[in-house]
Amino acid sequence: MFAKILIANRGEIACRVIRTARRMGVRSVAVYSDADAGTLHFGMADEAVHIGPSPVGGSYLRGDKIVAAALATGAEAIHPGYGFLSENPDFVDQVTAAGLVFIGPSAASIRAMGLKDAAKRLMEKAGVPVVPGYHGEAQEIVLLASKAREIGYPVLIKARAGGGGKGMRRVEHPDDFSEALSGARRE
Numbered sequence: 152m153f154a155k156i157l158i159a160n161r162g163e164i165a166c167r168v169i170r171t172a173r174r175m176g177v178r179s180v181a182v183y184s185d186a187d188a189g190t191l192h193f194g195m196a197d198e199a200v201h202i203g204p205s206p207v208g209g210s211y212l213r214g215d216k217i218v219a220a221a222l223a224t225g226a227e228a229i230h231p232g233y234g235f236l237s238e239n240p241d242f243v244d245q246v247t248a249a250g251l252v253f254i255g256p257s258a259a260s261i262r263a264m265g266l267k268d269a270a271k272r273l274m275e276k277a278g279v280p281v282v283p284g285y286h287g288e289a290q291e292i293v294l295l296a297s298k299a300r301e302i303g304y305p306v307l308i309k310a311r312a313g314g315g316g317k318g319m320r321r322v323e324h325p326d327d328f329s330e331a332l333s334g335a336r337r338e
C-alpha cells in the first residue's frame, strides 16, 4: 500500500481516484494546468502541483513535469487515469526509472497491446475469443474490401495504432467502404 500517490489527470477521473485513495487511507497529489486551477480535483486532493500552461502539450502530456511533481511531493506512485499518458509505454519507463510505481499495466504490456493487429494475434494465441476481422499486413483497398465482404456488413474499420476513437469508421454498405477507409487513414 502507498502512503501517497500522484494523479496525472484532471476532471472526473482524477476526482474518482482521489475519492478511492481517501477511502483507502492514501494521500493524494493532484496536478493542474493554468486552466484547471481551482477546479474540483484541484481542491479535493491533499496537495496540488502546477505543471504548466493550459494546452495539454505543455502540461498533462509532459511526463518529465509529472514525474518531477511526484518526486517533489514524496508520492510513491503515479496513477495515470485515462487518456493523456495512460497508454504511453515510454512514460511508464520514465516513472519506473525515477524509482516510482506506475499504477497500471507494465510498459511491456502496453507495447504488446498498443497495435491492434498484434494485440489480436496475442489474444488469439492465448485462446481468448476475438471479434472476427482481418489483421494481416497487406493493406490494399481491394483486399480490405474483399475481407469486409467476407466478414459481412456492417463492419468497423479500425486503424492499427488508433486509440480514443481515432481512425474508426462504421461502414454499413460496401459502396461506402472506400470513402470510410480513406477517412480512417487520414486520422
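Using this note's numbering, the first residue of the sequence shown is number 152, and each one after it goes up by one. Glycine is no exception: its CB is placed at the ideal position from the N, C-alpha and C atoms.
Within a Cβ cutoff of 7 angstroms, which residues of the same chain sit near residue i, ignoring the five residues on either side of it in sequence?
{"i": "residue 328", "result": "296, 299, 322"}
{"i": "residue 205", "result": "184, 185, 186"}
{"i": "residue 304", "result": "322, 323, 324, 325"}
Does DSSP put residue i in a helix, in a strand, or in coil?
{"i": "residue 297", "result": "helix"}
{"i": "residue 220", "result": "helix"}
{"i": "residue 278", "result": "coil"}
{"i": "residue 155", "result": "strand"}
{"i": "residue 317", "result": "coil"}
{"i": "residue 311", "result": "coil"}
{"i": "residue 205", "result": "coil"}
{"i": "residue 238", "result": "coil"}
{"i": "residue 181", "result": "strand"}
{"i": "residue 196", "result": "coil"}
Measuring CA to CA, which of the options is closest to residue i?
{"i": "residue 263", "options": "176, 282, 154, 240", "result": "240"}
{"i": "residue 229", "options": "158, 326, 184, 238", "result": "158"}
{"i": "residue 325", "options": "155, 302, 182", "result": "302"}
{"i": "residue 211", "options": "260, 225, 234", "result": "234"}
{"i": "residue 202", "options": "178, 182, 208, 188", "result": "182"}
{"i": "residue 196", "options": "169, 237, 184, 213", "result": "169"}
{"i": "residue 308", "options": "284, 191, 156", "result": "284"}
Look up residue i in the DSSP assignment and give the residues it is bridged to.
{"i": "residue 252", "result": "228"}
{"i": "residue 306", "result": "322"}
Within the same chain, show all residues whose beta-carbon is closer than 6 angstroms to that of residue i, passing over the 5 residues directly before and after it, in chain order.
{"i": "residue 198", "result": "180, 224"}
Three CB pairs or more closer than 8 angstroms across the region 247-257 and the region 275-283: Too few Cβ pairs lie closer than 8 angstroms, so no.
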